[in-house]
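Undergrad: Mind having a look at this structure? Questions to follow.
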Amino acid sequence: MPRAIRSAAALVAGGLAPPEALAALEQVAARYAVSLTPDLAGLIDRSDPRDPIARQFVPDPAELEAGSGELADPIGDDANSPCEGIVHRYPDRVLLKLVHVCAVYCRFCFRREMVGPGRRRTLSQAALATALAYIGARREIWEVILTGGDPLILSARRLRSVMRALAPIDHVKVVRIHTRVPVAAPAQVTRPLARALRSSGKATYVVLHANHPRELTPVARAACARLIDAGIPMLSQSVLLRGVNDDAATLSDLMRALVECRIKPYYLHHGDLAPGTAHLRTTIPQGQALMRALQGHVSGLCQPAYVLDIPGGHGKSPIGPTYLRPAPAVSGGEGFEIEDFKGRRHLYPPRAADE
Ligand code: SF4
Numbered sequence: 021m022p023r024a025i026r027s028a029a030a031l032v033a034g035g036l037a038p039p040e041a042l043a044a045l046e047q048v049a050a051r052y053a054v055s056l057t058p059d060l061a062g063l064i065d066r067s068d069p070r071d072p073i074a075r076q077f078v079p080d081p082a083e084l085e086a087g088s089g090e091l092a093d094p095i096g097d098d099a100n101s102p103c104e105g106i107v108h109r110y111p112d113r114v115l116l117k118l119v120h121v122c123a124v125y126c127r128f129c130f131r132r133e134m135v136g137p138g139r140r141r142t143l144s145q146a147a148l149a150t151a152l153a154y155i156g157a158r159r160e161i162w163e164v165i166l167t168g169g170d171p172l173i174l175s176a177r178r179l180r181s182v183m184r185a186l187a188p189i190d191h192v193k194v195v196r197i198h199t200r201v202p203v204a205a206p207a208q209v210t211r212p213l214a215r216a217l218r219s220s221g222k223a224t225y226v227v228l229h230a231n232h233p234r235e236l237t238p239v240a241r242a243a244c245a246r247l248i249d250a251g252i253p254m255l256s257q258s259v260l261l262r263g264v265n266d267d268a269a270t271l272s273d274l275m276r277a278l279v280e281c282r283i284k285p286y287y288l289h290h291g292d293l294a295p296g297t298a299h300l301r302t303t304i305p306q307g308q309a310l311m312r313a314l315q316g317h318v319s320g321l322c323q324p325a326y327v328l329d330i331p332g333g334h335g336k337s338p339i340g341p342t343y344l345r346p347a348p349a350v351s352g353g354e355g356f357e358i359e360d361f362k363g364r365r366h367l368y369p370p371r372a373a374d375e
């Protein structure tokens, strides 16, 4: 990994935080991991106190404030973990968490209590063998999702060995890898790494985590192209973040930029109830209004599903907005009323007057 900024003092020295914030930022850094790669640090406008890249990676004293309802394990990984490294929440898929460190530490991370250099770095060989045996013994597991931490900080050699260990498990048909590395450290995404990711022989997808269009620099785009050109389709996930991408223009630009890179927007996550992240969360009605702003005004290719991970480990659910309601009683109450992208309502099936 390229040499990253990993401390409050380094943030101040790099002009990314004012000297008077040092003591407060040291308190934050003592609690939650800090890392900012040169690629992302180079995108930050140091003269803009509201820079959307800085807001995602430079710690904020507000992280020390506990918000209402926040949880150490907001999406309930622990409640669904039958053995170390595995989270089995849905019937046909599991998470395989190979590593607990990342190239960058996002200030809103839902696993912020679990990731960081103070945690165990990678699954031991024995724990990995147990996790693979768990997968191998359950024929209902169709998909294995490598997540973390960020699996793409591992070497091509290590990733190849995991992929080859998955290869003989016939009922696993799909491997999916969630990562920030193509935007955080694009040079790490080499052709040998791409070949290693394909070495299970199974359908392999990479899901890029990106939240602002500026993250998709020419070198990040080239890194994604290396994966796609190697035969790895890409999807994206973004987190809706106050002051980062909570306006229709930024969100549209992000989704369009992703599609221009041949990456299909997959999820827009409502911010999880991770500790110390209230200052970065929007409300659900704000998120629904933003999704309405995308719908119909931006190509269907650019539409992610707006989802909430239900606290406690109950999984993701789409959270609208909804365009379909039962027809109102004044129109006879039969069928549905559906709203178009301009906000006009229509009966379905159409009545003579509405056709
Ligand atoms: S890269 Fe993912 S796991 Fe790592 S800090 Fe960011 S959101 Fe969390």
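Residue numbers (this note's numbering): 21 to 375.
Note that the Cβ used here is the ideal one computed from N, Cα and C, for glycine as well.
How many Å lie between V107 and R132 at the Cα?
TA: Cα-Cα distance, rounded: 16 Å.
Undergrad: For a test of the three-state rule: what should DSSP assign to S319, helix, strand or coil?
TA: In the structure shown, S319 sits in coil (DSSP, three-state: anything other than H, G, I, E or B).
Undergrad: Find the nearest neighbour of R100 within the set S55, L116, A157 and E280, judged by alpha-carbon distance.
TA: Per the sequence shown, residue 100 should be read as Asn rather than Arg. Comparing Cα positions, the closest option is L116.
Undergrad: Under three-state DSSP, which class holds S256?
TA: Here S256 sits in strand by DSSP.
Undergrad: Terminal residues of the continuous beta strand (DSSP E) containing I283?
TA: Here the beta strand (DSSP E) through I283 covers I283 to H289.
Undergrad: Between the C-alpha atoms of N231 and S67, what's the straight-line distance to the nearest angstrom?
TA: Approximately 21 Å, taken between the alpha carbons.
Undergrad: Could you spell out the range, first to last residue, of the beta strand (DSSP E) harbouring A223?
TA: Per DSSP, A223 belongs to the beta strand (DSSP E) from A223 to H229.
Undergrad: Evaluate contact between the stretch 283-300 and the stretch 257-271, counting only Cβ atoms and requiring at least three cross-stretch pairs below 8 Å.
TA: Contact between the stretch 283-300 and the stretch 257-271 is present, because at least three Cβ pairs lie under 8 Å.
Undergrad: Shorter than 7 Å, the distance from the beta carbon of R51 to the closest heavy atom of the ligand SF4, or not?
TA: No, the Cβ of R51 stays beyond 7 Å of every heavy atom of the ligand SF4.
Undergrad: Verify the contact flag: D170, CB atom, against every heavy atom of the ligand SF4, threshold strictly below 7 Å.
TA: True, at least one ligand heavy atom lies under 7 Å from that Cβ.
Undergrad: Quick one: is E235 buried, meaning 16 or more other Cβ sit within 10 Å of its Cβ, or exposed?
TA: Buried, since its Cβ has 16 or more Cβ neighbours within 10 Å.
Undergrad: So for F77, helix, strand or coil by DSSP?
TA: Residue state, collapsed to three classes: helix.
Undergrad: Is the CB-CB distance between R178 and V227 below 8 Å?
TA: Their beta carbons are not under 8 Å apart, which means R178 does not touch V227 by this criterion.
Undergrad: Among P111, V114 and R141, which residue has its Cα nearest to the Cα of A377?
TA: With the chain represented from 21 up to 375, any question about residue 377 goes unanswered, as that position is not in the structure.
Undergrad: Go ahead and pull the three-state DSSP assignment for V195.
TA: Here V195 sits in strand by DSSP.
Undergrad: Could you check whether L217 and T268 sit closer than 8 Å to each other, using their CB atoms as the reference points?
TA: The residue asked about is misnamed: residue 268 is Ala in this sequence, not Thr. No, the Cβ-Cβ distance between A268 and L217 is not below 8 Å.
Undergrad: Is A185 helix, strand or coil by DSSP?
TA: Here A185 sits in helix by DSSP.
Undergrad: Let me make sure I understand the geometry here. Which of I73, A49, C244 and A37 has the alpha-carbon closest to that of S27?
TA: Measuring from the Cα of S27, the nearest candidate turns out to be A49.
Undergrad: Going by C-alpha distance, which of T302, A223 and G316 is nearest Y343?
TA: It is G316 whose Cα lies nearest to the Cα of Y343.
Undergrad: Measuring only from the beta carbon, is C244 closer than 7 Å to any heavy atom that is part of the ligand SF4?
TA: Every heavy atom of the ligand SF4 is 7 Å or more from the Cβ of C244, so no.
Undergrad: How long is the line joining the alpha carbons of D80 and L278, rounded to whole angstroms?
TA: Distance between the alpha carbons of D80 and L278: 28 Å.
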